[in-house]
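First to last, the protein sequences are chains A and B. All letters in the first sequence, in the order written, are residues 1 to 271 by our numbering. All letters in the second sequence, in the order written, are residues 272 to 520 by our numbering. Built from N, CA and C at the ideal position, the CB exists for glycine as well. As the structure is a prediction and not an experimental result, all values here were calculated from the model.
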Amino acid sequence: MGKVIVVTSGKGGVGKTTSTAALGAALAQNGDKVVVVDFDVGLRNLDLVMGAERRVVYDLVNVIQGDAKLTQALIRDKRVDTLFLLPASQTRDKDNLTTEGVDRVITELKRVFDWVICDSPAGIERGATLAMRHADIAVVVTNPEVSSVRDSDRIIGLLDSKTLKAERGERMEKHLLLTRYDPARAQRGDMLKVEDVLEILSIPLLGIIPESMDVLRASNLGAPVTLADARSVPALAYFEAARRLAGEVLPVTMPGEKRGIFGKFFGRKAA
Amino acid sequence: MTKVLTSDARSIRIKGRSFLAVVLSPDLPFDDWLTRLDDLAARSAGFFLARPVVLDVTGLKIEQAELKALIAALTERNVSVMSIEGARHSILGPGMPPAIKGGRPVSDEAVTREPAVEQRQAAETASADEKPVTAEARPALQSLIIREPVRSGQSVMFPEGDVTIIGSVASGAEVIAGGSIHIYGALRGRAMAGSLGNASAQIFCRKLEAELIAIDGIYKMADDMEPSLHGQPVQLWLQGETIIAETLI
Chain A
1 MGKVIVVTSG KGGVGKTTST AALGAALAQN GDKVVVVDFD VGLRNLDLVM GAERRVVYDL
61 VNVIQGDAKL TQALIRDKRV DTLFLLPASQ TRDKDNLTTE GVDRVITELK RVFDWVICDS
121 PAGIERGATL AMRHADIAVV VTNPEVSSVR DSDRIIGLLD SKTLKAERGE RMEKHLLLTR
181 YDPARAQRGD MLKVEDVLEI LSIPLLGIIP ESMDVLRASN LGAPVTLADA RSVPALAYFE
241 AARRLAGEVL PVTMPGEKRG IFGKFFGRKA A
Chain B
272 MTKVLTSDAR SIRIKGRSFL AVVLSPDLPF DDWLTRLDDL AARSAGFFLA RPVVLDVTGL
332 KIEQAELKAL IAALTERNVS VMSIEGARHS ILGPGMPPAI KGGRPVSDEA VTREPAVEQR
392 QAAETASADE KPVTAEARPA LQSLIIREPV RSGQSVMFPE GDVTIIGSVA SGAEVIAGGS
452 IHIYGALRGR AMAGSLGNAS AQIFCRKLEA ELIAIDGIYK MADDMEPSLH GQPVQLWLQG
512 ETIIAETLI
């Protein structure tokens, strides 16, 4: 029985799709069967980042409406054979997603895959709430700046109220993924520091992905960051984050910085 | 004659207040239902006294005459119907209770808890005549404790008493209490204490970064607060018509 992860943020443009692809590819390279699902109906991007945009025939909405079977819509990645993509529709919009349809699709995916990673759209409406509905684990992607932090806080509140886990009275496992982090700007005070973000959001830290030009290069190539250049700084950070998702306890470090200064991040937990 | 419009310096105070109403959902045929109601009334005397009663007729196929007869039958039994829920527009008319909607369900215990108190009191006063008549029990001052941070967009409303939050109140969140508000964390959102007219309510927090503070309707925004208090542990209270703030040690 697979685990469902939702990659969400509230704010747009913080790195949800990039992170979904990178984490999915990292987990798949370990041998696990992974499917990444794009919930951003009408504004799909996950297929571009995965490099599968020219192979999309059927999509999530087709499967929900019964026009296609799940196996017809799933696209296998050419580089890692345990990695699959379920794209979103570009011509429809979020109103075509039904709760029962999404229930069916996720249940079927859970039976086949070890990890079902749902790439949530930005916002707090239907698309986002449907993407998080079945999640066992939530990865909240946040940039270290005030509007992103406030929106992430809102999303965390929704994770505790609009999901099946919340309805059953269980706690959802939430992790913070801090993306586009620039240590120099944080030092100058232009960006929030890691401890400030953690103090406001109070959820455990999954990883810190530094701002990097490799991310844009990878998406232009149509490859997740962890496949395009596995030795780049953001890719290493994503690999570590994937290991933490799988249950390993690793100290969070800032790649490229001296380990000693950030020793205090060892096993960092919520405030 | 010239009319002088006097401007009253004190504006009219409009407050919100929530009352717990008992909702009766009768089933057809009404005579059988009324018999069962009589049975209930016999077992718990005075259940409906001083309680607002809402009649829920959603889904019932009745006409105005039948509804009027039911209301009359209830009035005979000392059940005063305050308003009617779920009625078709056509069956309500002048002289009948008004329509109401938008009620939120409440746990059944909350409704049944109080009559038990009244019943015991009735029994006490009946059995021991020398005992001084106990004043009608006001619900004991309750307090709500929340052990996790209040997230942006969440609203904590507790008109019954004090609210204690072990955690922070995020920007964009609000806490509204009938009593005082105690925050063991940072207050970055809005805190409104004494919301039902309690001028002695206070607000305490470990780190003041609030967007808005209000006590008994008098409010202060972030801009109006002393900059030296920002980020400090602060207690706020009302003195006359002004909010006074002082750092806590």
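Beta strand (DSSP E) segment containing residue i, residue limits
| i | result |
| --- | --- |
| residue 200(A) | Here residue 200(A) belongs to no beta strand (DSSP E); instead the alpha helix (DSSP H) covers 194-201. |
| residue 218(A) | Run containing residue 218(A): none in the beta strand (DSSP E); it sits in the alpha helix (DSSP H), 213-221. |
| residue 84(A) | 83-86 |
| residue 3(A) | 3-8 |
| residue 518(B) | 513-518 |
| residue 181(A) | 173-181 |
| residue 331(B) | Neither: residue 331(B) is in no beta strand (DSSP E) and is coded neither H nor E. |
| residue 432(B) | 432-436 |
| residue 149(A) | Element bounds for residue 149(A): not the beta strand (DSSP E) but the alpha helix (DSSP H), 146-159. |
The alpha helix (DSSP H) enclosing residue i, as first and last residue numbers
| i | result |
| --- | --- |
| residue 497(B) | Run containing residue 497(B): none; DSSP gives neither H nor E here. |
| residue 480(B) | From DSSP, residue 480(B) is part of no alpha helix (DSSP H); its letter is neither H nor E. |
| residue 48(A) | 46-50 |
| residue 209(A) | Note, residue 209(A): premise wrong, no alpha helix (DSSP H); beta strand (DSSP E) at 205-210. |
| residue 132(A) | 126-133 |
| residue 71(A) | 70-73 |
| residue 110(A) | 99-112 |
| residue 239(A) | 233-245 |
| residue 509(B) | Segment 505-510 is the beta strand (DSSP E) holding residue 509(B); no alpha helix (DSSP H) there. |
| residue 64(A) | 60-64 |
| residue 167(A) | 164-167 |
Residue i to residue j span [Cα, whole Å]
| i | j | result |
| --- | --- | --- |
| residue 476(B) | residue 244(A) | 35 Å |
| residue 267(A) | residue 253(A) | The predicted model places residue 267(A) with a pLDDT of 47, which falls under 50 and marks its position as unreliable; any figure quoted below should be read in that light. If I take the Cα positions, the gap works out to 10 Å. |
| residue 288(B) | residue 375(B) | 14 Å |
| residue 338(B) | residue 356(B) | 12 Å |
| residue 366(B) | residue 466(B) | 34 Å |
| residue 515(B) | residue 349(B) | 49 Å |
| residue 176(A) | residue 11(A) | 14 Å |
| residue 488(B) | residue 464(B) | 8 Å |
| residue 45(A) | residue 54(A) | 13 Å |
| residue 146(A) | residue 202(A) | 15 Å |
| residue 105(A) | residue 73(A) | 11 Å |
| residue 9(A) | residue 68(A) | 30 Å |
| residue 294(B) | residue 325(B) | 5 Å |
| residue 363(B) | residue 336(B) | 10 Å |
| residue 423(B) | residue 503(B) | 21 Å |
| residue 371(B) | residue 354(B) | 6 Å |
| residue 109(A) | residue 118(A) | 11 Å |
| residue 227(A) | residue 87(A) | 19 Å |
| residue 388(B) | residue 318(B) | The pLDDT assigned to residue 388(B) is 43, lower than 50, so where the model puts this residue is not dependable, and the model offers no usable value. |
| residue 324(A) | residue 172(A) | Since the first and last residues shown for chain A are 1 and 271, residue 324(A) lies out of range. |
| residue 508(B) | residue 501(B) | 17 Å |
| residue 6(A) | residue 216(A) | 23 Å |
| residue 138(A) | residue 160(A) | 11 Å |
| residue 75(A) | residue 122(A) | 24 Å |
| residue 214(A) | residue 232(A) | 7 Å |
| residue 163(A) | residue 150(A) | 20 Å |
| residue 129(A) | residue 434(B) | 29 Å |
Expected contact under 8 Å - CB spacing of residue i and residue j to nearest Å
| i | j | result |
| --- | --- | --- |
| residue 197(A) | residue 142(A) | 6 Å |
| residue 470(B) | residue 153(A) | Not a contact, Cβ separation roughly 32 Å. |
| residue 126(A) | residue 97(A) | 7 Å |
| residue 209(A) | residue 24(A) | Residue 209(A) to residue 24(A), Cβ: 15 Å. No contact. |
| residue 505(B) | residue 479(B) | 4 Å |
| residue 438(B) | residue 418(B) | 7 Å |
| residue 222(A) | residue 13(A) | 19 Å between Cβ atoms; not a contact. |
| residue 444(B) | residue 460(B) | 4 Å |
| residue 286(B) | residue 468(B) | 6 Å |
| residue 113(A) | residue 35(A) | 5 Å |
Item to check | chain A contacts from the stretch 414-446 of chain B (Cβ-Cβ distance under 9 Å) | outcome: 419, 420, 421, 422, 423, 424, 425, 438, 439, 441, 442, 443 and 444
Item to check | Runs of alpha helix (DSSP H) wholly within the stretch 328-366 of chain B (minimum 4 residues, chain order) | outcome: 335-347
Checklist entry - At which residue ranges does the stretch 279-320 of chain B contain complete beta strand (DSSP E) runs of 3 or more residues, listed in the order of the chain? => result 293-295
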